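Numbering (full-length UniProt numbering), first residue to last: 1 to 119.
Now the structure itself:
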């Protein structure tokens, strides 16, 4: 049986980040949670993941900030062309500063990713 993780584990994941990365991750987390109310939040694959009828999106620490990625990112329309992928990584947006966070754009990507999983 698959064990469920709790929000407390995501909080613990965030606590282990540097203060700068915590600030970025908390802002991305707030946007994710505000975008779609019914996402399951958990820690998997050493990152904070969000599920709805399968994996939707994640954020993870990177060398220079955090990555905000999508498991089905190649299928997203990505109108701003900010999703990048190399070496087999899931398509993601690199976030190094708060200025890299575009709430409206991120909400669009999250909702489109949830819609993909519903169909």
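Cβ atoms here follow ideal geometry from the backbone N, Cα and C, with glycine treated the same way.
This one's a predicted model, so the numbers in the text were calculated from it and none came from an experiment.
Measure the alpha-carbon distance for residue 62 versus residue 119 and round it to whole angstroms.
As a working note, residue 62 is residue 62 in the chain shown. As a working note, residue 119 is residue 119 in the chain shown. Their backbone Cα atoms lie some 31 angstroms apart in a straight line.
Going by DSSP, name the residue or residues bridged to residue 61.
Taking the first residue of the chain shown as position 1, residue 61 is located at position 61. DSSP lists 66 as partners of residue 61.
What residues in its chain sit with their C-beta under 7 angstroms from that of residue 38, if we drop five residues either side in the sequence?
Walking along the chain shown from the start, residue 38 turns up at place 38. Within the same chain, and ignoring the five residues on either side of residue 38 in sequence, the residues whose Cβ sits closer than 7 angstroms to its Cβ are 52.
Spatial neighbours of residue 91 within its chain, please: CB distance less than 8 angstroms, with the 5 preceding and 5 following residues excluded, ordered by chain position.
Translated into the one-based positions of the chain shown, residue 91 becomes position 91. Within the same chain, 69, 70, 73, 74, 76, 78, 83, 84 and 85 come within 8 angstroms of residue 91 by CB-CB distance, once the 5 residues on both sides are set aside.
Alpha carbon to alpha carbon, how far is residue 42 from residue 50?
Indexing the chain shown from 1 puts residue 42 at position 42. Indexing the chain shown from 1 puts residue 50 at position 50. If you take the alpha carbons of residue 42 and residue 50, they lie about 6 angstroms apart.
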